[in-house]
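Asks: Pasting in a structure now, in structure tokens, and then I'll have a few things to ask.
Numbering (our numbering), first residue to last: 72 to 302.
Here it is, written out as structure tokens:
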């Protein structure tokens, strides 16, 4: 009934007295672009958008984004998905992607359509062309899985806070090395994990984007640690 009413109203708007085959096909073609927002086509297109961004194809990403806008998808829902893409597939390789995606959602909330959709499309393009890394995403999942299966371990005394005299008497915070007072603002050789747990490298940065510089810094800090151990 709704489709029949819509067809009738479209014919009136087009000043037609007869609904012929050509008008029917054109109308149905337009309606077919509209999808069930909880159906398979909706999630297929979201998947295509996400994979296009991950695959660094700004044109395909923009195409799927606007296909969904044209199909009646909630722009703010798409905005939230774009934020997820920035976090999951770009991460620390280019932190600006997360900021841009978040700001695009805020702009849409302020301006609405169609201006706000342009801000979201800018975020789609930026995320597609940004350096890619899932290193932080993988590190989060690995650390989460480790903590879930590991036993509860006490915080080492030197890392504990000591706001009272009793806590200080119990050696809370004793021998803690304040990094800012150390060469290069780094306490070489310091142990921040629980005492009975060897350091685990959850985060392994890629050589792409900002993570390339982060990787170089972490490698340098490891060399400083090695020098302390040798001495």
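Just so it is clear, CB atoms sit at the ideal spot from N, CA and C, and this is done for glycine as well. Keep in mind it's a predicted model, so treat the numbers as computed, not measured.
Counting only the same chain and skipping the five closest in sequence on each side, list residues whose C-beta sits under 6 Å from that of residue 246.
Replies: Along the chain shown, read from residue 1 onward, the residue named residue 246 stands at position 175. 229, listed in sequence order.
Asks: Note the first and the last residue of the continuous alpha helix (DSSP H) segment covering residue 113.
Replies: Counting from one through the chain shown, the residue named residue 113 turns up at place 42. Unbroken alpha helix (DSSP H) run through residue 113: 111 to 125.
Asks: Please list, in chain order, all residues of the same chain as residue 205 whose beta carbon is under 7 Å from its beta carbon, the five residues on each side excluded.
Replies: Position 134 of the chain shown, counting from 1, holds the residue named residue 205. Answer for residue 205: 159, 160, 162, listed in chain order.
Asks: Kindly give me the distance between the Cβ atoms of residue 191 and residue 146, rounded to whole angstroms, as I take these residues to be in contact under 8 Å.
Replies: By 1-based counting over the chain shown, the position of residue 191 is 120. By 1-based counting over the chain shown, the position of residue 146 is 75. Contact flag correct, Cβ pair sits at about 6 Å.
Asks: Straight-line CA distance for residue 244 to residue 185?
Replies: As a first step, residue 244 must be located in the chain shown, where it is residue number 173. As a first step, residue 185 must be located in the chain shown, where it is residue number 114. Spanning the two alpha carbons is a distance of roughly 56 Å.
Asks: Of all the beta strand (DSSP E) runs that stay within the bounds of the stretch 205 to 290, which reach a length of 3 or more residues?
Replies: The stretch 205 to 290 contains no whole beta strand (DSSP E) run of 3 or more residues.
Asks: If you compare alpha carbons, which of 278, 216, 258 is closest to residue 300?
Replies: If you number the chain shown from 1, residue 300 lands on position 229. Residue 300 has its Cα closest to that of 258, out of 278, 216, 258.
Asks: Within 10 angstroms of the Cβ of residue 223, are there 16 or more other Cβ atoms? Answer buried if so, exposed if not.
Replies: As a position in the chain shown, residue 223 is number 152, starting the count at 1. By the neighbour-count rule (16 or more Cβ atoms within 10 Å), residue 223 is not buried but exposed.
Asks: Roughly how many angstroms separate the alpha carbons of residue 217 and residue 207, rounded to a whole number?
Replies: Stepping through the chain shown from its first residue, residue 217 is reached at position 146. Stepping through the chain shown from its first residue, residue 207 is reached at position 136. Residue 217 and residue 207: Cα-Cα distance of roughly 15 Å.
Asks: Drop a sphere of 10 angstroms on the beta-carbon of residue 121, count the other beta-carbons inside from all chains shown, and report buried for 16 or more, exposed for fewer.
Replies: To locate residue 121, count along the chain shown from 1; it is residue 50. So residue 121 ends up on the buried side.
Asks: Using 8 Å as the cut-off, can you tell me whether the stretch 167 to 175 makes contact with the stretch 142 to 157, which would need three or more C-beta pairs spanning the two stretches below that distance?
Replies: yes
Asks: On the criterion of 16 or more Cβ atoms from any shown chain inside 10 Å, does residue 276 qualify as buried, or is it exposed?
Replies: Stepping through the chain shown from its first residue, residue 276 is reached at position 205. It counts as buried.
Asks: Select from 199, 178, 241 the residue whose C-alpha is nearest the C-alpha of residue 131.
Replies: Sequence index remark: in the chain shown, residue 131 carries index 60 (1-based). Nearest C-alpha to residue 131: 199.
Asks: Using a Cβ-Cβ cut-off of 6 Å (strictly less than) and excluding sequence neighbours within five positions of residue 182, which residues of its own chain qualify?
Replies: Taking the chain shown and counting its residues from 1, one reaches residue 182 at position 111. There are no such residues.
Asks: Where does residue 146 fall in DSSP's three states?
Replies: Along the chain shown, read from residue 1 onward, the residue named residue 146 stands at position 75. Helix at residue 146.
Asks: Reducing DSSP to helix, strand and coil, say where residue 73 ends up.
Replies: Taking the first residue of the chain shown as position 1, residue 73 is located at position 2. Note that residue 73 scores a pLDDT of 46, beneath 50, so its modelled location is shaky and nothing firm can be said.
Asks: So what does DSSP say about residue 132, is it helix, strand or coil?
Replies: As a working mapping, residue 132 is identified with position 61 in the chain shown. Three-state result, residue 132: helix.
Asks: Measure the CB-CB distance between residue 236 and residue 127 and report whether it falls below 8 Å.
Replies: Reading the chain shown from its first residue, position 165 is the one you call residue 236. Reading the chain shown from its first residue, position 56 is the one you call residue 127. Taking 8 Å as the Cβ cut-off, residue 236 and residue 127 do not qualify as a contacting pair.
Asks: With distances taken Cα to Cα, identify the nearest neighbour of residue 250 among 152, 219, 260.
Replies: The sequence position of residue 250 within the chain shown is 179, counting from 1. Nearest in C-alpha terms to residue 250, of all of 152, 219, 260, is 260.
Asks: Any idea if residue 103 is buried or exposed, counting beta-carbon neighbours within 10 angstroms, 16 or more meaning buried?
Replies: Numbered from its first residue, the chain shown carries residue 103 at position 32. Interpretation of residue 103 is limited by its pLDDT of 48, a score under 50 that renders its predicted location unreliable; no figure is taken from the coordinates.
Asks: Straight-line CA distance for residue 92 to residue 279?
Replies: As a position in the chain shown, residue 92 is number 21, starting the count at 1. As a position in the chain shown, residue 279 is number 208, starting the count at 1. Roughly 55 Å between the two C-alpha positions.
Asks: With a cut-off of 8 Å on the beta carbons, I'd call residue 153 and residue 195 a contact; round off their distance for me.
Replies: Your numbering for residue 153 matches position 82 in the chain shown. Your numbering for residue 195 matches position 124 in the chain shown. With a beta-carbon spacing of about 6 Å, residue 153 and residue 195 fall inside the 8 Å limit used to define contacts.
Asks: What separation, rounded to the nearest whole angstrom, lies between the Cα atoms of residue 118 and residue 221?
Replies: What you label residue 118 is simply residue 47 of the chain shown in a count that begins at 1. What you label residue 221 is simply residue 150 of the chain shown in a count that begins at 1. Between residue 118 and residue 221, the C-alpha separation is close to 34 Å.
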